[in-house]
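Peer 1: Residue numbers (our numbering), protein chains in the order written: chain W, 773 to 1438; chain P, 27 to 303.
Positions of the beta carbon are idealized from the N, C-alpha and C atoms, including for glycine.
Can you read through this structure? Questions will come right after.
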């Protein structure tokens, strides 16, 4: 009846996951109870859960990423404490638990923190920057988000029901095959990535289509803000790379469920094929994450320097070069597999070539600052911190692209330090910069600057104190994923890294406090102009938060930095005083398709993991039926009458006019 | 285990390339970091002396320089990578004094088996080699992937079931080194560290003779016992019964090692980690 599921799946003998799971459960039930008692449920349902508004979906993506950041961060804290204490002892985490933690940490941080964070920001901002009313496929967008949430939910369920993979975040076979990992851990891993992978793929298709097909009048490709370009590049990579991940995991699942032999030791299975396939997805993946961050930094550096981006066309070229070359370097992840000198050298050099466009980007940000009038608001601090940190990560990255150096550094703590250097210093700093920069746009009030700056300095310092020691440990021969060790020389560096982790944790706490303080002081921090940073692109041309239709009239773009030019134009000629003729606007209806579909996908995923076949069929039929119902819908749009549009837009124009006249007076 | 304290020619060449590459890059990285901080500081809005040049958004000369600097660095490093990959190919010979020593390494769950086919002996978790001689390694795995790595001798390489990888090393100085597995392989993974004793070429035959006197014999049966999942705390040595044992393992005539036993049908398998403790 319940497949492999019975009471022994609950880890009553392991207090740490049980207590953690119980706390999360109590917290979730508490929030749910509060929502129901206060009567917020109808609001949540109609305004958020079923919303197909790209801004709402973007916010929900970022919320999911933030919650999962806390989960992945707790894993990180536990790992750093374990390695600080497990010198000549077993520490406090037994191997079967420690191995789950580092596997979950990697999986969560990449798939359920970094991905939803950057996809959330792209969703929130790109249609606004393009001057359009929504993304290309609004309901599909909602489906994509909720399927990502399903994946995250399954990973968290594994904390208390069964176990998570103990194989590392890429689940290399043959260790991840049934014979060496007979538990449900790898199944949790694979099914949550399969389901959320579908979500990511549809998000990618949606954003590529949006950028290619939905641009406002005059917004040709070479007038798009840099963030739109990096979004395009990143989502092209998603569309090209995620099917490889899906296919690879499908083959692994066929091995595990139906006795196939794609990657087994026996019957001609080939583990090296898995390495190739997973990295053919995995290397583009890191550029999927970091390209949008590059876009965010381009926007932030340009805005806060009060200058257009230096060498815009060069930046576009660099972005697209990275997009293409990133597909040609995957082999550098296994130089030590004995491929032979020609292959290693060619892929080593190809990997270094990516450093050229990346270096160009750094120099172009540098020259954007040159001659600028730089305001050091929190987003700019994150950007300058990124530039310094990312160069160091780039240096170590090129170093491990030199095959003979990689022969000593592969899989070492040096490598761990390198990819945290680029992912924290690049992607996470970028996500935080984007969060601080666009928060006023999403909610209509700024974030508290003092707490924001404190968060930056603690995170920045904490990063260096945590990861510089790991570089040194790597140079001392320490490899990754060690549950305990007996080498005295490694120990001091593990202790320093644990201290750094504490500083990083303070940084995260500052960020939470910043959010709470800002929400409480929101009236004082209110931004009525829609343009709190003196921005340059179209998202600042509408009110904060933007109306559901974004723009009463799709703006007419006459150059790069569209909104900056509009402001300059308006200053010279003052706003036209005659009121435009407002028209009805059609917007897509809300739809519970995404939520219902994800509900059934969760049931199906859970049932697949536990071999509960009747429930698999139930979930599958449910998810399919949801689509059929959606496909047969009669009405998919509703009309916002012209008077309503006019009422909303008049307020916006009034605020903006006073802003421009004030700026004109200065 | 310091990578910058190499004890053999391969490690010495690896770490030279490592250090040289870092210095080549530092030549441009340090000025760039300095320029970022300097520009950010000088062009702060509160500095009245800084000249605001909002029109400075394109310069052909600057563009040429910013594409050229990383490109030139990469050309230089690319040369290092090309030559280095060929000279330091793990399978390339590393000439030494005296006759080369053939060693066949097998990664087991979770220990290292070193077979000396010419000496007809085998050891577990201890690798004893003569100083100065070329060491020809052939490597495979009994079950999951591992990576054979002696940091101070250089170049690591994967071990995979059903396949043989090749690695040539040389240890120049007598002494004790440590090796490890550099690819996660399951619950007992951290216990896959092994001792490397580099002894004088004169002492090596004596050690071989002493080892060959052991009663324990390594053949297909005792190997199957050894490859059960578990951590080996001791340092057992064996006489080698059949010098073709390694080939039997690598060609899967001896089937791959078993995984953990399932304690119950439910999701959590019996943990090999209990044996590890």
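What runs of the beta strand (DSSP E), each 3 residues or longer, lie entirely inside the stretch 130 to 208 of chain P?
Peer 2: 137 to 142, 147 to 150, 152 to 156, 160 to 167, 172 to 176, 180 to 185, 191 to 196 and 201 to 207
Peer 1: Residues in its own chain within less than 8 angstroms of residue 1187 of chain W by CB, not counting five upstream and five downstream?
Peer 2: 1172, 1181, 1246 and 1252
Peer 1: Measure from the alpha carbon of residue 1328 of chain W to the alpha carbon of each residue in W:931, W:1355 and W:1309, then state which is nearest.
Peer 2: W:1309
Peer 1: So, at 8 angstroms on beta carbons, what are the nonlocal neighbours of residue 1018 of chain W in its own chain, with the 5 sequence-adjacent residues on each side left out?
Peer 2: Taken in chain order, the residues that qualify are 966, 969, 970 and 973.
Peer 1: Which runs of the alpha helix (DSSP H) at least 4 residues long sit entirely within the stretch 1052 to 1113 of chain W? Give them in chain order.
Peer 2: For secondary structure counted as the alpha helix (DSSP H) over 4 or more consecutive residues, the stretch 1052 to 1113 of chain W holds these complete runs in sequence order: 1084 to 1097.
Peer 1: Touch check for the stretch 1281 to 1291 of chain W and the stretch 1235 to 1246 of chain W: three-plus C-beta pairs under 8 angstroms?
Peer 2: no
Peer 1: Looking at residue 1059 of chain W and residue 1098 of chain W, is the spacing between their C-beta atoms short of 8 angstroms?
Peer 2: yes
Peer 1: Per DSSP, what are the beta-bridge partners of residue 1322 of chain W in this structure?
Peer 2: In DSSP, residue 1322 of chain W forms no bridge with anything.
Peer 1: Counting only Cβ pairs nearer than 8 angstroms, list the residues of chain A close to residue 1038 of chain W.
Peer 2: Looking at the structure shown, chain A is missing, and the protein chains on hand are W and P.
Peer 1: Can you pull the chain P neighbours of residue 1116 of chain W, defined as C-beta to C-beta under 7 angstroms?
Peer 2: 111
Peer 1: Report the residue ranges of all beta strand (DSSP E) runs contained in full by the stretch 940 to 1012 of chain W; include only those spanning at least 3 residues, in chain order.
Peer 2: none
Peer 1: Taking C-beta pairs closer than 7 angstroms, name the residues in chain W that residue 88 of chain P reaches, listed in chain order.
Peer 2: 1139
Peer 1: Identify every run of the alpha helix (DSSP H) within the stretch 839 to 899 of chain W, keeping only runs that are complete inside it and at least 4 residues long; order them along the chain.
Peer 2: 867 to 879
Peer 1: State the beta-bridge partners of residue 223 of chain P as determined by DSSP.
Peer 2: P:154 and P:202
Peer 1: Among the candidates W:1174, W:1184 and W:1067, whose CA atom is the shortest distance from the CA of residue 1155 of chain W?
Peer 2: W:1067
Peer 1: Taking C-alpha atoms, which residue in W:1007, W:1034 and W:1078 lies nearest to residue 1057 of chain W?
Peer 2: W:1007
Peer 1: Give the secondary structure of residue 1411 of chain W by DSSP, where H, G and I count as helix, E and B as strand, and everything else as coil.
Peer 2: Residue state, collapsed to three classes: strand.
Peer 1: Roughly how many angstroms separate the alpha carbons of residue 166 of chain P and residue 191 of chain P, rounded to a whole number?
Peer 2: 7 angstroms
Peer 1: Does the Cβ-Cβ distance between residue 925 of chain W and residue 789 of chain W come in under 8 angstroms?
Peer 2: If you check the CB distance, residue 925 of chain W and residue 789 of chain W do not come in under 8 angstroms.
Peer 1: Buried or exposed, going by whether 16 or more other CB atoms sit within 10 Å of the CB of residue 254 of chain P?
Peer 2: exposed
Peer 1: Buried or exposed for residue 40 of chain P, please, with buried defined as at least 16 other CB atoms from any protein chain shown within 10 angstroms of its CB.
Peer 2: buried
Peer 1: Where residue 1332 of chain W and residue 995 of chain W are concerned, what is the direct C-alpha to C-alpha distance, given to the nearest angstrom?
Peer 2: 5 angstroms
Peer 1: Would you check if the distance between the CB atom of residue 1387 of chain W and the CB atom of residue 1395 of chain W is smaller than 8 angstroms?
Peer 2: no
Peer 1: Could you check whether the Cβ of residue 1426 of chain W sits closer than 8 angstroms to any Cβ belonging to chain P?
Peer 2: no
Peer 1: Pull up the distance between the alpha-carbon of residue 817 of chain W and that of residue 1365 of chain W, whole angstroms please.
Peer 2: 12 angstroms
Peer 1: Could you list the residues in the stretch 1249 to 1273 of chain W with a C-beta less than 9 angstroms from some C-beta on chain P, going in chain order?
Peer 2: 1249, 1250, 1251, 1252, 1253, 1254, 1255, 1256, 1257, 1258, 1259, 1261 and 1262
Peer 1: Rounded to whole angstroms, what is the Cα-Cα separation between residue 4 of chain P and residue 144 of chain P?
Peer 2: Within the shown structure, residues of chain P are numbered from 27 to 303, placing residue 4 of chain P beyond reach of any answer.
Peer 1: Can you tell which of W:1352, W:1277, W:999 and W:1398 has its C-alpha closest to the C-alpha of residue 1202 of chain W?
Peer 2: W:999
Peer 1: Using a beta-carbon distance cut-off of less than 7 angstroms, what residues from the stretch 860 to 886 of chain W approach chain P?
Peer 2: Listed in chain order, the positions of the stretch 860 to 886 of chain W with a beta carbon within less than 7 angstroms of a beta carbon of chain P are 862, 866, 867, 868 and 871.
Peer 1: With respect to the alpha helix (DSSP H) encompassing residue 52 of chain P, which residues constitute its N-terminal and C-terminal limits?
Peer 2: 35 to 68
Peer 1: Less than 8 angstroms between the C-beta atoms of residue 1425 of chain W and residue 1321 of chain W, yes or no?
Peer 2: Remark: C-beta atoms of residue 1425 of chain W and residue 1321 of chain W do not approach each other more closely than 8 angstroms.
Peer 1: Under 8 angstroms, Cβ to Cβ, is there at least one residue of chain P near residue 1145 of chain W?
Peer 2: yes
Peer 1: Around the Cβ of residue 31 of chain P, are there at least 16 other Cβ atoms within 10 angstroms (buried) or fewer (exposed)?
Peer 2: exposed
Peer 1: According to the Cβ coordinates, are residue 1416 of chain W and residue 901 of chain W closer than 8 angstroms?
Peer 2: no
Peer 1: To the nearest angstrom, how far is the alpha carbon of residue 1441 of chain W from that of residue 814 of chain W?
Peer 2: Outside the shown range of chain W, which is 773 to 1438, sits residue 1441 of chain W, and nothing can be said about it.
Peer 1: Verify the CB distance criterion: does residue 29 of chain P have a CB-CB separation below 8 angstroms to chain W?
Peer 2: yes
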